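Each residue of the first sequence is one higher than the one before, counting from 0 in numbering that gives the first Met the number 0. We put the CB at the ideal spot given by N, CA and C, even for glycine. Quick caveat: nothing in here was measured; it's all calculated off a predicted structure.
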Amino acid sequence: MTNKLILIDGNSIAYRAFFALPLLNNDKGVHTNAVYGFTTMLLKILEEENPTHMLVAFDAGKTTFRHKTYEAYKGGRQKTPPELSEQLPILRELLDAFNISHYELPLYEADDIIGTLARKGEQANWEVKVISGDRDLLQLVSERVTVALTKKGITNVETYTPEYMKEKMEISPEQVIDLKALMGDSSDNIPGVPGVGEKTAVKLLKQFTTLENVFANVQEVSGKKLKEKLETHQEDAFMSKELVTIHVDTPIETTIEQIGYQGYDVMKLNQLFRDLGFHSLINRIEGEEDKKQVEDTLPDLHVTIVDQVEESMLANHTALVIEMLGENYHEASIVGISIAHDKGVYFIPADVALQSSVLKQWLEDEKQKKMVFDAKKATVLMKRHGIDIKGIDFDLLIASYLINPAESHHDIPSISHRLGETSIRYDEEVYGKGAKLQVPEQDALSDHIARKAHIVNKLKQTVVQQLKDNDQWELYHDLELPLTLILADMEHTGVSVDVDRLKGMGEGLQKRLAQIQQNIYELAGETFNLNSPKQLGPILFEKLQLPVIKKTKTGYSTSADVLEQLEDKHPIISEILLYRQLGKLQSTYIEGLLKVVDDTGKIHTRFNQALTQTGRLSSTEPNLQNIPIRLEEGRKIRQAFIPSQKGWKLFAADYSQIELRVLAHIANDEKLIQAFNDHEDIHTKTAMDVFHVEKDQVTDQMRRQAKAVNFGIVYGISDFGLSQSLGITRKEAKTFIDRYLQSYPGVQTYMDDIVQDAKQKGYVTTLMNRRRYLPDITSRNFNRRSFAERTAMNTPIQGTAADIIKKAMIDLYYTLAEEQLEARMLLQVHDELIIEAPEHELDTLKELVANVMEQTVSLHVPLVVDYAFGDTWYDAK
DNA sequence: CTGCGCACGC
DNA sequence: GACGTACGTGCGCAGT
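Following this line, the structure appears as structure tokens:
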């Protein structure tokens, strides 16, 4: 077997990774994106290439021997961003853990080290592969040396052999240098011959083969201008050649034999990945038996496995973890319960726990305080088993989310590791994932779950202190914690669904879909998979020759906005649009909902209270926050949502323009406040102010545009986003936004101030002190910075609206209880609450619900709530 | 199993 | 000039 040598251009790959990936942070605030990208690439190479020898070359410093030839070499190049520089030492640490040699040499560039070693490998008859993002390296390609260049992203590469180069670039590896010498390279400040680009350079080299030959026969060059340019800049060209030529005789101290690759250090790598927060990469490290070593390194925790719950095991202020397998706590079963307090840690197997009246009594005792992770999950799980858990006064999940919603993993092990408590493994390591998900044998299970309870107990103080330091204690204690119990109630109650009605709609849709599909196949002249944009594209844009409006990464775009522009060009288009619309209803809403109805005809969604960056809730399995309403056809889905009891109605109450009212309040804009106090139609008012016209002069078109601008303000979209939604140019969109801000100077001031504030503090807050960190607000990358700026303007608006409706839910929940009404909340859809109630309570509710919602906070503008009721959700409009 | 294109809501 | 652009969830497809 021949040896295989892999040579990596360290700086180039780190650069690529840095710009290809979002600026990730680990829990210590260190940027890790370049290291992460580098790591994925290394893992891929090791998995795919099986190298016997390997080395990563780095540039040694700013000055190189090339600067002697040409002082301005690489002049004008942007300084390496500090966010990247700080990652380079980590990168070296990473390579050490991988046991991969790395090397740098004063005055030489990584290219030269690679070139030298590549030639040595070649002479030894080894297989050599060079990996870089720099096309200059292509000059090294030969029969034994291939060069892989990164394409988009970081793990995608394009591998060049001599044949592939001929085919793709029409030149040979030797000619790469001459090509560069003619073209120059602005990023390295290499002059080349002005006016000669890639096309001309290739043409010249095809004709004359080498640079020397071009100048030797310059008289034969066609084109007077070109000839002149070549003659004037001959010297530049030859100097450029010198600059781009990679040195293959660099005086390096290492030999290729010394850089053998023997495999990585599993322990070191594991530890490093954990430190860096690369949890997803840990299971790509090979060696199952080595995993055991990590296991063994966890400090012992003494756990008592309980076969009968005794009162002596239970105490006030106890951490409680109820563990289940899988995500959906409406159907999953409990695998075990652990409790931890200052006197001990216990594991109670599921069957023991559920049969114990001692435990039940303790769980239901309000005075016995419990600390948990995810109170909602624990509450719903216990409700399903007839236990009404009370006395939860700490929820680690909610606390962690409030401290930093941007953390992507709010599970006990992740939070624990972030806070420096590493004596627990990740769920994925214990349970596996996907199809391999399973409960381990009891010792491992009880140990893991017990550790969770132990950690909840241990971390409580730290987390509470963080909340207090952030001035978020009230947000946590008076808003999110009560809310989570209310949500548990709503989820457990569920919404009733008229299954027959859904099925009926499904049958009707099925017939129509079949017919439309038939029509489309006839219009297309062939059958294909209509649900595949990849197959639809060629039919529309090649076979039917329709104009291409937009492309996606993988082919033609066939999205609705594209198709709408083609609607009058071919009858097939409107059929496709209809097919898509109905197909969506069928698959997502009819079939999707039917799949999750339980045997009592109810649907139980799960509200995720610890996910969105703004403080809103989200809803899953099913998502009941995106049931169709805009188009009549879809809206009919709502007819399938019904009250759970005969003689009851659904009652829906929604805030009118809550975000714009919040904006008026936060920005304290006189005109906007006035508009709401006068109960004006806000979009018409905006149109009057933006277009400087009187009310009776506002056209539908103007109102529509004003509405889109308001929408943009509320959602923090860019001029680009606004231009898309209005079908106008970016410039026009920008004009609209500017005129809006001129009309509402208070808003303008708010926008300026909040961005400044965010820059200074690093985060923005809402009315109730919800936080969102915006590390990108000081980024030198325009896109990242702009996005962060829009987020700074938008999050306080959306987040405050979220705060308000959450508070309203709490107020309403307790008011309904106090008034001893049977009415109960079922759903929340961001600015709207869905309630079910017996008919005789409706008159009370009309007064009470709107009142509670409107009075929950007091702003500089009134909050206005509209409501409606009916026999189905559809009718509550 | 994952990423993509698409579509639904606020 | 920056080439990607509110927040979410879920579906089917296609490639691994």
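Open item on the list: Which of the three DSSP states is assigned to residue 647 in this structure?
Closed with: Taking the first residue of the first sequence as position 1, residue 647 is located at position 648. Strand, per DSSP.
- [ ] Provide the residue(s) that pair with residue 126 in DSSP beta bridges, ordered along the chain.
- [x] Looking up residue 126 in the first sequence gives position 127. Per DSSP, 3.
Open item on the list: Would you call the region 736-754 in contact with the region 660-680, where contact means no fewer than 3 C-beta pairs closer than 8 angstroms?
Closed with: At 8 angstroms Cβ cutoff, the stretches touch.
Task: Environment of residue 244 [buried if 16+ CB atoms lie within 10 Å] - done: For the purposes of this step, residue 244 is taken as the residue at position 245 of the first sequence. Here residue 244 is buried, its C-beta having at least 16 other C-beta atoms within 10 Å.
Task: Of the listed residues 449, 487 and 443, nearest to residue 388 (C-alpha basis) - done: Translated into the one-based positions of the first sequence, residue 388 becomes position 389. Shortest Cα-Cα distance from residue 388 to any of 449, 487 and 443 involves 487.
TODO: Report all residues from its chain with a CB closer than 8 angstroms to the CB of residue 338; omit the five preceding and five following residues, and keep chain order.
DONE: Residue numbering aside, residue 338 sits at position 339 when the first sequence is read from its first letter. These residues qualify, in order along the chain: 312, 313, 317, 318, 319, 320, 344, 345, 347 and 452.
- [ ] Please confirm if the region 701-719 is in contact with the region 734-742, defined as three or more CB-CB distances below 8 angstroms between the two stretches.
- [x] Flag = yes, the region 701-719 and the region 734-742 touch.
- [ ] Let me know the beta strand (DSSP E) ranges lying completely inside the region 760-845, each 3 residues or longer, listed in chain order.
- [x] Secondary structure within the region 760-845: the beta strand (DSSP E) runs of 3 or more consecutive residues, fully enclosed, are 762-764, 770-772, 823-827 and 831-837 (chain order).
Task: Cβ distance (whole Å) where residue 654 is taken to contact residue 824 below 8 angstroms - done: Against the first sequence, residue 654 aligns to sequence position 655. Against the first sequence, residue 824 aligns to sequence position 825. Actually they do not touch by this definition, with Cβ atoms about 15 angstroms apart.
Open item on the list: Three Cβ pairs or more, each shorter than 8 angstroms: is that satisfied between the region 782-789 and the region 832-843?
Closed with: Touching, no.
TODO: Would you list the one or two residues that DSSP bridges to residue 161?
DONE: Position 162 of the first sequence, counted from the start, is the residue given in the question as residue 161. The partner list for residue 161 (beta bridge, DSSP) is empty, contrary to what the question assumes.
- [ ] Look at the Cβ atom of residue 3, then the Cβ atom of residue 79, and state whether they are nearer than 7 angstroms.
- [x] Residue mapping note: residue 3 aligns to position 4 of the first sequence, counting from 1. Residue mapping note: residue 79 aligns to position 80 of the first sequence, counting from 1. No, these two residues do not count as a Cβ contact at 7 angstroms.
Task: Delimiting residues of the alpha helix (DSSP H) encompassing residue 676 - done: Within the first sequence, numbered from 1, the residue matching residue 676 stands at position 677. First-last of the alpha helix (DSSP H) with residue 676: 669-676.
- [ ] Quick one: which unbroken alpha helix (DSSP H) runs of 4-plus residues sit fully inside the region 656-736? Chain order, please.
- [x] Within the region 656-736, the complete alpha helix (DSSP H) runs of at least 4 residues are 657-666, 669-676, 681-690, 699-714 and 718-725.
Task: DSSP beta-bridge partners of residue 494 - done: As a working mapping, residue 494 is identified with position 495 in the first sequence. Answer is 602.
Open item on the list: Taking its Cβ as the centre, do 16 or more other Cβ atoms sit within 10 Å of residue 477, making it buried, or is it exposed?
Closed with: By 1-based counting over the first sequence, the position of residue 477 is 478. Burial call: exposed.
- [ ] Kindly indicate which residue of 168, 602 and 506 has the alpha-carbon position closest to the one of residue 581.
- [x] As a first step, residue 581 is located in the first sequence; it is residue number 582 there, counting from the start. Among 168, 602 and 506, the Cα nearest to that of residue 581 belongs to 506.
Task: residue 335 - containing beta strand (DSSP E), residue span - done: For the purposes of this step, residue 335 is identified with residue 336 of the first sequence, where counting begins at 1. Counting along the chain, the beta strand (DSSP E) containing residue 335 begins and ends at 333-340.
Open item on the list: I need the DSSP call for residue 449, collapsed to helix, strand or coil.
Closed with: The residue given as residue 449 occupies position 450 in the first sequence. Helix.
- [ ] Reducing DSSP to helix, strand and coil, say where residue 652 ends up.
- [x] By one-based count along the first sequence, residue 652 stands at place 653. Looking at residue 652 - three-state DSSP - the assignment turns out to be strand.
Task: Cα-Cα separation, residue 128 to residue 444 - done: Here residue 128 is taken as the residue at index 129 of the first sequence, counted from 1. Here residue 444 is taken as the residue at index 445 of the first sequence, counted from 1. Their Cα atoms are separated by approximately 46 angstroms.
TODO: In angstroms with no decimal places, state the Cα-to-Cα distance between residue 588 and residue 626.
DONE: Position 589 of the first sequence, counted from the start, is the residue given in the question as residue 588. Position 627 of the first sequence, counted from the start, is the residue given in the question as residue 626. Take the alpha-carbon of residue 588 and the one of residue 626: they are about 8 angstroms apart.
Task: Candidates 569, 700 and 579, of which the one nearest residue 726 by Cα - done: Numbered from 1 along the first sequence, position 727 holds the residue referred to as residue 726. Of the candidates 569, 700 and 579, the residue whose Cα lies closest to the Cα of residue 726 is 700.
Open item on the list: Within the continuous beta strand (DSSP E) that includes residue 219, where are the two ends?
Closed with: Here residue 219 refers to the residue found at position 220 when the first sequence is read from its first residue. No beta strand (DSSP E) contains residue 219, which DSSP labels as neither H nor E.
TODO: Go ahead and label residue 118 buried or exposed: buried means 16 or more other beta carbons lie within 10 angstroms of its beta carbon, across all protein chains shown.
DONE: On the first sequence, position 119 is the one that residue 118 refers to. By the neighbour-count rule (16 or more Cβ atoms within 10 Å), residue 118 is buried.
TODO: Compute the distance between the beta-carbons of residue 675 and residue 860, then report whether it is under 7 angstroms.
DONE: Start at 1 with the first residue of the first sequence, and residue 675 comes out as number 676. Start at 1 with the first residue of the first sequence, and residue 860 comes out as number 861. When the beta-carbon positions are compared, residue 675 and residue 860 come within less than 7 angstroms of each other.
Open item on the list: Out of 511, 543, 510 and 682, which one is the CA nearest neighbour of residue 525?
Closed with: On the first sequence, position 526 is the one that residue 525 refers to. Ranking the options by Cα distance to residue 525, first place goes to 543.
TODO: Determine the DSSP secondary structure at residue 149, reduced to helix, strand or coil.
DONE: As a first step, residue 149 is located in the first sequence; it is residue number 150 there, counting from the start. In the structure shown, the three-state DSSP call for residue 149 is strand.
Task: beta strand (DSSP E) runs contained entirely in the region 464-509, provided each spans 3 or more residues - done: As far as the region 464-509 is concerned, its whole beta strand (DSSP E) runs of at least 3 residues are 494-496.
Task: residue 35 - DSSP class collapsed to helix/strand/coil - done: Residue mapping note: residue 35 aligns to position 36 of the first sequence, counting from 1. Secondary structure at residue 35: helix, using DSSP grouped into helix, strand and coil.
Task: Secondary structure of residue 400, DSSP reduced to three states - done: Here residue 400 refers to the residue found at position 401 of the first sequence. DSSP places residue 400 within a helical segment (H, G or I) once states are collapsed to three.
TODO: Please go through the region 34-115 and give each complete beta strand (DSSP E) segment of 3 or more residues, from N-terminal end onward.
DONE: Runs found: 52-56 and 100-102.
TODO: Below 8 angstroms on the Cβ atoms is my guess for residue 390 versus residue 375; work out the distance and round it to an integer in Å.
DONE: Here residue 390 is taken as the residue at index 391 of the first sequence, counted from 1. Here residue 375 is taken as the residue at index 376 of the first sequence, counted from 1. Your pair residue 390 and residue 375 does not check out as a contact, with CB atoms roughly 15 angstroms apart and the cut at 8 angstroms.
Open item on the list: In this structure, how does DSSP classify residue 607 when only helix, strand and coil are distinguished?
Closed with: Your numbering for residue 607 matches position 608 in the first sequence. In the displayed model, residue 607 falls within a strand according to three-state DSSP.
Open item on the list: To the nearest angstrom, how far is the alpha carbon of residue 54 from that of residue 335?
Closed with: In the first sequence, the residue the question calls residue 54 occupies position 55. In the first sequence, the residue the question calls residue 335 occupies position 336. Spanning the two alpha carbons is a distance of roughly 49 angstroms.
Task: Backbone CA spacing between residue 475 and residue 466 [nearest angstrom] - done: Looking up residue 475 in the first sequence gives position 476. Looking up residue 466 in the first sequence gives position 467. Within the model, the alpha-carbon separation for residue 475 versus residue 466 is close to 8 angstroms.
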